[in-house]
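Q: In our numbering, the protein residues as written are 1 to 79. For glycine and all other residues, C-beta sits at the position ideal for the given N, C-alpha and C.
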Amino acid sequence: MRENLKRAPAGRGAPLHHYEYLEITLTPGESVPGAYQRLREHAEYGQWELARSTLYMGGQRKYVMRRKVLRVERTLNIY
Numbered sequence: 001m002r003e004n005l006k007r008a009p010a011g012r013g014a015p016l017h018h019y020e021y022l023e024i025t026l027t028p029g030e031s032v033p034g035a036y037q038r039l040r041e042h043a044e045y046g047q048w049e050l051a052r053s054t055l056y057m058g059g060q061r062k063y064v065m066r067r068k069v070l071r072v073e074r075t076l077n078i079y
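1) To test your reading of the DSSP string, which unbroken alpha helix (DSSP H) runs of 4 or more residues are found completely within the region 27-69?
2) Identify, in the order they occur along the chain, each residue of the same chain with its Cβ nearer than 8 Å to the Cβ of glutamate 49, setting aside the five sequence neighbours on each side.
3) In its own chain, which residues sit with a C-beta less than 6 Å from the C-beta of isoleucine 24, not counting the 5 before and 5 after it?
4) On the DSSP bridge assignment, give the partners of leucine 5 in chain order.
5) Please tell me whether alanine 35 and arginine 52 are closer than 8 Å, where the distance is taken between their beta carbons.
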């Protein structure tokens with residue numbers, strides 16, 4: 001099982017509402033119930049939601065989860 005995190009762009013000019021994506025990839029020989037357990041843990045504790053589930057020819061599976069990232073801009077310019 002491989003997990004790949006794609007972060008939302010940061011810095012000036014980045015959108016205020018954006019998503020982070022987490023891709024979980026399973027090879028054909030890996031345990032599907034184990035992957036479901038990982039998906040549940042990410043959803044419950046990390047506030048992730050399942051965006052896409054793909055089953056490829058040959059048995060490889062790919063799950064894409066996302067969570068919203070809220071950017072907060074400073075409203076007072078004190079300094």
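A: To lay it out plainly:
1) 32-46
2) Result list for glutamate 49: Ala43, Met65, Arg66 and Arg67, in chain order.
3) Glu3 and Tyr63
4) Paired residues: Leu22.
5) no
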